[in-house]
Amino acid sequence: MCSPATAAIKLLLAAPRTLSAATKPLFAATKPLHQDAARRDQDTVRRDQAAVRCHQDAVRRDQAAVRCDQAAAPGRCPPRHRSCSLLPRRCPLYQDASRQ
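Numbered by mature numbering (1 follows the signal peptide of the UniProt record, and there is no 0), the letters in the sequence shown go through residues -21 to -1, 1 to 79 in order.
The following block contains the structure:
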């Protein structure tokens, strides 16, 4: 039989191994949760980037329509951009040509 001090020392020395053996399943269980969260974060980032691209495209189309309105020449739109094909309703020259 060993003394209480020796038993306590043996228990303390065994504790790290016991704790690591007990926590391994917990860490293994949380790993898929972290992976799912990372995938959801990536999906959110992709959706946000797609929304930004969509907004930027809309702004570019509106700017092109304004340039088309400002640079309207008699009978046709300026050849340097194709805003009339993108936004025919906003180009006054397109509307004039469609009425004739």
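By construction, the Cβ of each residue, glycine as well, lies at the ideal position given by its N, Cα and C atoms.
Tell me whether residue i is buried or exposed, calling it buried when 16 or more other Cβ atoms sit within 10 Å of its Cβ.
| i | result |
| --- | --- |
| Ala43 | buried |
| Cys47 | buried |
Tell me which same chain residues have a C-beta within less than 7 Å of the C-beta of residue i, skipping the five on either side of it?
| i | result |
| --- | --- |
| Arg32 | none |
Using a Cβ-Cβ cutoff of less than 8 Å, which residues in the same chain neighbour residue i once the five nearest sequence positions on both sides are dropped?
| i | result |
| --- | --- |
| Lys(-12) | Cys(-20) |
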